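Sequence lines, in order, name chains F and C.
By the working numbering, the letter at position 238 of the first sequence is numbered 238, and the numbering carries on one by one without gaps.
By the working numbering, the letter at position 324 of the second sequence is numbered 568, and the numbering carries on one by one without gaps.
Glycine residues also receive a C-beta, built at the ideal position from the N, C-alpha and C atoms.
All values derive from a computational prediction rather than experimental measurement.
Heads up, the thing below is written out as structure tokens.
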Amino acid sequence: MIHLKVTNLHKRFGGNHVLKGVNFEVNGPELIGLIGPNGAGKTTLTNILDGAIKPTSGTVYLAEQRIDQLQPYEVALAGLGRTFQVTRSFRRMTVLENLYVPALAMGGKLGSKALIEKAMSVLEFLTIDHLRNEFAQALSGGQQKLLELGRLLMLEPDVIILDEPFAGVHPRLMEVIYAYIQRVNGEGKAIIIISHQMDSIFSLSQRLLVLNFGDLIADGPPDEVKNDPAVIEAYLGSDEEDAA
Amino acid sequence: MKKQIPNIAGGLVLILLLIFPLIYRQADYDYIMHVMITAFFYAILAASWSMLAGYAGQFSFGHMGFMAIGAYTTALVCHYFYLSPEPTGLCSEMPFFGQWLVVVNPIGVTSTTLTQDCLRQAMEAWGGSVKVTPMPVLLGIVLGISFGALAGFLIGMLVLRLRAAYLALFTLGFSEILKATISAEIEVTRGQAGLELPPLYPDGVSFFGMHFSATDKIPPYYSMLGLLILCLLILGWLAHSKFGLFVRALREDQDAAAALGVNTTRYKVLVFTITCAMAAAAGAVQGHYVQIITPNMLFLLQMSLVVAMAVIGGIENFVAAAIGAIVLQVMLELLRNSFEIGGVEVDMTIWRLVFFGVLLMVTLRFFRNGLIAPIIAYFGREGVAAETVSKRAVASGEEGRS
Numbered sequence: 001m002i003h004l005k006v007t008n009l010h011k012r013f014g015g016n017h018v019l020k021g022v023n024f025e026v027n028g029p030e031l032i033g034l035i036g037p038n039g040a041g042k043t044t045l046t047n048i049l050d051g052a053i054k055p056t057s058g059t060v061y062l063a064e065q066r067i068d069q070l071q072p073y074e075v076a077l078a079g080l081g082r083t084f085q086v087t088r089s090f091r092r093m094t095v096l097e098n099l100y101v102p103a104l105a106m107g108g109k110l111g112s113k114a115l116i117e118k119a120m121s122v123l124e125f126l127t128i129d130h131l132r133n134e135f136a137q138a139l140s141g142g143q144q145k146l147l148e149l150g151r152l153l154m155l156e157p158d159v160i161i162l163d164e165p166f167a168g169v170h171p172r173l174m175e176v177i178y179a180y181i182q183r184v185n186g187e188g189k190a191i192i193i194i195s196h197q198m199d200s201i202f203s204l205s206q207r208l209l210v211l212n213f214g215d216l217i218a219d220g221p222p223d224e225v226k227n228d229p230a231v232i233e234a235y236l237g238s239d240e241e242d243a244a
Numbered sequence: 245m246k247k248q249i250p251n252i253a254g255g256l257v258l259i260l261l262l263i264f265p266l267i268y269r270q271a272d273y274d275y276i277m278h279v280m281i282t283a284f285f286y287a288i289l290a291a292s293w294s295m296l297a298g299y300a301g302q303f304s305f306g307h308m309g310f311m312a313i314g315a316y317t318t319a320l321v322c323h324y325f326y327l328s329p330e331p332t333g334l335c336s337e338m339p340f341f342g343q344w345l346v347v348v349n350p351i352g353v354t355s356t357t358l359t360q361d362c363l364r365q366a367m368e369a370w371g372g373s374v375k376v377t378p379m380p381v382l383l384g385i386v387l388g389i390s391f392g393a394l395a396g397f398l399i400g401m402l403v404l405r406l407r408a409a410y411l412a413l414f415t416l417g418f419s420e421i422l423k424a425t426i427s428a429e430i431e432v433t434r435g436q437a438g439l440e441l442p443p444l445y446p447d448g449v450s451f452f453g454m455h456f457s458a459t460d461k462i463p464p465y466y467s468m469l470g471l472l473i474l475c476l477l478i479l480g481w482l483a484h485s486k487f488g489l490f491v492r493a494l495r496e497d498q499d500a501a502a503a504l505g506v507n508t509t510r511y512k513v514l515v516f517t518i519t520c521a522m523a524a525a526a527g528a529v530q531g532h533y534v535q536i537i538t539p540n541m542l543f544l545l546q547m548s549l550v551v552a553m554a555v556i557g558g559i560e561n562f563v564a565a566a567i568g569a570i571v572l573q574v575m576l577e578l579l580r581n582s583f584e585i586g587g588v589e590v591d592m593t594i595w596r597l598v599f600f601g602v603l604l605m606v607t608l609r610f611f612r613n614g615l616i617a618p619i620i621a622y623f624g625r626e627g628v629a630a631e632t633v634s635k636r637a638v639a640s641g642e643e644g645r646s
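Have a look at this one:
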């Protein structure tokens, strides 16, 4: 049973209080949207969840294991995987080699039939199997996003954080990403999507988390969050601000 | 078939190198053999640096420092440690498996070295009745490799958080500190006067009924070539294993690799340890071959030479880096011959360096992965583009029908 528990998470960078006591839980294979204006703390929260930075205070537990003090690779092996806002494929490695890295880190055997078959099935699903022996730098931006998603399929984490998966992607590739999210979620994985594309977020998510200036101002079903006055104010500004 | 061309060519070159000392019969035999042994030495350094910088992205400029650690370790072991059946009563000594391990006192650089060190004084007093045994050269080399690996491990731990220019400057600093320390500790290292080492095979070598003396070129030729082949085999095995994949991921994006479960700390330290051990091995063997080492081996120019050799060969392929080193070392020597054009003498001892510099600049500007690596890649990646196009066409056809 997937259980991610974030408790009273604070992060300060000098005088900048980026996260101000964030609390939420993920129970089971939920499909969650994480939204918020620029500077809300979404990327900081993601970086703390994946171990890249340590919180000033607060805890993160994944299936009873405290992960907020672990190294990123330990967090990945514990079952939390992520993509990056700006695609970070291994550019001078082939597409297949990109997929082998997480699989081998999880204990796979290089050159084994099982590993090759798994990588090929991932590439076929992502419609980039014809590029398997090309270097990642030869791929388009959208294809590189698919490659990043493919690496997560090889890592097989329980919780997946997708940072801006739809940014700069052709509508046809977006369909592939939609299918990916639904397939992975259907396989029992929890997914947290960070995006500024509201249409996609509202249509995909079962639950929305809204951050604003480091505060979690809303947590609930999309329809409910959409009409939340605090969320409307965060995105559109208050009448007083408009008057000013 | 095309994919096998580099392997076939490599096999032929290897055979040629193996039989070269037996078929070359010119008057400059010893000189050419010396050039080849030195070329193999640089090839080990360039290939191991290629794994460190080209594969793992760790641009260390301290590689010659680790080479020097290997050379000085074996030199110090062979210079200061002896086994004696009797205690000298003059030196620092301790019982050692039924004998005495004697540590000779450091006396620095003096005109009367032979009569001042404690062991020589004891031997004079014994009048030849006690036979003192120096440490085996092989032990010195093994210790040199071990200390090189240990230093690589420690430096690897220290530079975990350093990247790019910071890493380069840190390792350069390490190398300079080492050079200054060796130069300053004249008492122990004899500073710029240099530390003498016994030959690689002090008693010569006999095989197939032939005896080669301690100064013969054939034993060190095959020793250095053997070490190069061993290093290339280890590097090849590493490059085609999980290790190779992980260190390349480290080079491409350390954070992304960590986010995918790669223990970046472990692999960064491992690649430093392994490649520094190889550099130390090359230094130790070369030290016994040339029989004298000085801190000048740590000059920045020496490190630049190794970097240039690897860059011109191709730093993302350790075989290309090794070939680059051999070709350049041989060319730099062959280009020493000055000649005249229209009565004007062209002094090639200087102009060859200009040629070398221009070649380096052209390579950096137009051939970012060197001159040899792209040739190997051309054959190795044969058919990849055609495969992509044909698979794409099949996929498009299927989409069109559906």
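With respect to chain F, the C-beta atom of Arg492(C) has a partner C-beta closer than 7 Å. The Cβ of His170(F) sits no closer than 7 Å to any Cβ of chain C. The three-state reading of DSSP puts His130(F) in helix, counting H, G and I together. Residues Asp129, Arg132 of the same chain have their beta carbon placed closer than 6 Å to that of Leu123(F), with the five preceding and five following residues left out of the count. Put simply, the backbone Cα of Pro37(F) is about 33 Å away from that of Leu494(C). Excluding residues up to 5 positions away in sequence, Ile313, Thr317 lie with their Cβ nearer than 6 Å to the Cβ of Phe391(C) in the same chain. In this chain, the alpha helix (DSSP H) harbouring Ser419(C) covers 408 to 428. Taking a C-beta distance under 7 Å as the contact criterion, Pro72(F) and Leu155(F) do not qualify as a contact pair.
Under the 8 Å Cβ criterion, the segment 527 to 542 of chain C counts as touching the segment 296 to 315 of chain C, having at least three qualifying pairs. For Asp361(C), same chain residues with a beta-carbon under 7 Å away, outside a window of 5 residues either side, are Val348, Asn349, Ile351 in chain order. Here Glu330(C) carries a coil assignment [DSSP, helix/strand/coil]. If you draw a 10 Å sphere on the C-beta of Asn23(F), you find fewer than 16 other C-beta atoms in it, and that means exposed. The residue from Thr509(C), Phe452(C), Ala524(C), Val376(C) with its alpha-carbon nearest to that of Leu406(C) is Thr509(C). At a C-beta separation below 7 Å, His130(F) has these neighbours in chain C: Thr632, Lys635, Arg636, Ala639. Sequence-distant partners of Lys113(F) (beyond 5 residues in either direction) whose C-beta falls short of 8 Å from its own C-beta are missing from its chain.
Counting C-beta pairs with one atom in each stretch, the segment 509 to 526 of chain C and the segment 377 to 397 of chain C have three or more that are closer than 8 Å, which means they touch. Contacts between Lys486(C) and chain F, judged by CB atoms closer than 8 Å, involve Leu104, Leu110 in chain order. Taking 9 Å as the cut-off between beta carbons, the residues of the segment 30 to 53 of chain F near chain C are Asp50, Gly51, Ala52, in sequence order. Within the segment 500 to 517 of chain C, contact with chain F at the beta-carbon level (separation under 8 Å) is assigned to Ala500, Ala501, Ala502, Ala503, Leu504, Gly505, Val506, Asn507, Thr508, Thr509. Between Ala253(C) and Met553(C), the alpha-carbon positions lie close to 20 Å from each other.
Per DSSP, reduced to three states, the secondary structure at Arg625(C) is coil, with no helix or strand assignment. Against Leu489(C), the close residues of chain F are Met93, Glu97, Tyr100, Val101, Leu104, Leu110, in the order they occur along the chain (beta-carbon pairs closer than 8 Å). In the three-state reduction of the DSSP assignment, Glu64(F) falls in the coil class. The C-beta of Glu337(C) comes no closer than 7 Å to any C-beta of chain F. For Thr459(C), the number of other beta carbons within 10 angstroms of its own is below 16, and it is reported as exposed.
According to DSSP, Ser634(C) shares a beta bridge with no other residue.
Interface with chain C (7 Å Cβ-Cβ cutoff): Ala63(F) is excluded. Listed in chain order, the non-local C-beta contacts of Leu104(F) below 7 Å within the same chain comprise Leu110, local neighbours out to five positions each way being set aside. For Leu77(F), a Cβ of chain C is located within less than 7 Å of the residue's own Cβ.
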